[in-house]
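According to our numbering, the sequence shown holds residues -12 to 246 in order. Built from N, CA and C at the ideal position, the CB exists for glycine as well.
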Amino acid sequence: MPRARRSASLALRSQVERLREWVCEANRGIYRARLVTEHSGNASGIARELDLVAIKPSGVDYENLKPQMIALATLAGEPWPAARYGLDAAGLRPSVDLPHHLFLYRCCPEIGGIVHTHSNYATSFALLRQPIPACLTAIADEFGGEIPCAPYVDNAGDHIGEAILSRRSRAPAMLLAGHGVFAWGPTPRAALKAAIMVEDAAKTCHLALLRGRLTAMPPEEIEKWYQRYHTTYGQPEMPAHAPAAAARSRRSRSRPAGK
Ligand SMILES: [Zn+2]
């Protein structure tokens, strides 16, 4: 093989392997954070330039998940043509939730990672068809308003994706009535973080509701927190698509008290 073709093929292989590692790490992350039980939930990521979506395989234990097991599909939902690029087969069979992930990737080009869970506290709000109000600074920071709740739908066709889009705000997450949570972001790691923050906010709100009522912050306060968090928080030198290990080391180096 000519040197130029060989190096292009190696670059492609490392791009696919990196996406699989990120998606595997996001799936392990939802398990470690106890957002999923047994085989429920899933995380995915996309490399749009390769028409490649990577997602948790169906019915596989989270503890045993390895990057090479992550399923690969095209944005149209076909098995990703790995052989055409001289790569190995496209992993195991994808999660049955793949169509909902694909719908969101097709409709929202800015999304690079998606997480779906049935995490308990957040889902308890979804069971009551209640959004989580923007009553905490952490909710204002991360979500810029309430965490909305989409109406109940079944899982046929594009029903779930359409329900999510029908209530989508700038918040990178959505409760789905009677079902669970979808969260997203520019990377699988960002989607994982949004899913963790939804559950953490829901737990705090649940505890507060045991003793009183929730009061949403005024819109101008929400805006102040959101803008500060999205413009001056963190370290400017870190790339937006930093892999999980780098993102973890950033947090441990720079996170101020209380964040
Ligand atoms: Zn589900």
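In the DSSP assignment, T104 forms a beta bridge with V168. Residue C136 holds the alpha-carbon nearest to the alpha-carbon of A150 among P159, L6, C136 and R157.
Distances from the alpha-carbon of A13 to those of E186, G199, K180 and H217 put K180 closest. Inter-residue distance for A143 and E210 is about 37 angstroms (C-alpha atoms, whole angstroms).
With three or more CB-CB distances shorter than 8 angstroms, the segment 118 to 134 counts as touching the segment 157 to 166. Ranking H166, D141, L52 and L85 by CA distance to the CA of Q117 puts H166 first.
Nearest in C-alpha terms to D145, of all of A109, T191, G100 and C94, is C94. Nearest to S31 by alpha-carbon distance, out of V83, D75 and L194, is V83. In chain order, W212 place their CB closer than 7 angstroms to the CB of T124, counting only its own chain and leaving out the 5 sequence neighbours on each side. Ranked by how close their Cα comes to the Cα of L52, the residues Y108, L79 and V40 have L79 in first place. Contact between V10 and A41 holds, since their C-beta atoms are separated by about 4 angstroms, short of 8 angstroms. The set of residues with any CB-heavy atom separation to ligand 1 below 6 angstroms comprises, in chain order, H103, H105, H166 and G167.
Here E207 is exposed. Its C-beta has fewer than 16 other C-beta atoms within 10 Å.
Cβ-Cβ separation between A60 and L85: approximately 6 angstroms, consistent with a contact (criterion under 8 angstroms). In this structure, the CA atom of G73 is about 32 angstroms from the CA atom of H103. Sequence-distant partners of L201 (beyond 5 residues in either direction) whose C-beta falls short of 8 angstroms from its own C-beta, in its chain, are P120, C122, C192 and A195. DSSP, reduced to helix, strand and coil, places S82 outside both helices and strands of the structure shown, so it counts as coil. Within the same chain, R7, V10, C11, A41 and G78 come within 6 angstroms of I57 by CB-CB distance, once the 5 residues on both sides are set aside.
Judged by their CB atoms, A20 and I126 are not nearer to each other than the 7 angstroms cut-off. One Cα belongs to R5, the other to A(-2), and the distance between them is close to 10 angstroms. Excluding five sequence positions before and after S27, the CB atoms of its chain that fall closer than 7 angstroms to its own CB belong to H105, given in chain order. V40 has I33 and A60 as its beta-bridge partners, per DSSP. When secondary structure is reduced to three states using DSSP, C136 falls in the strand class.
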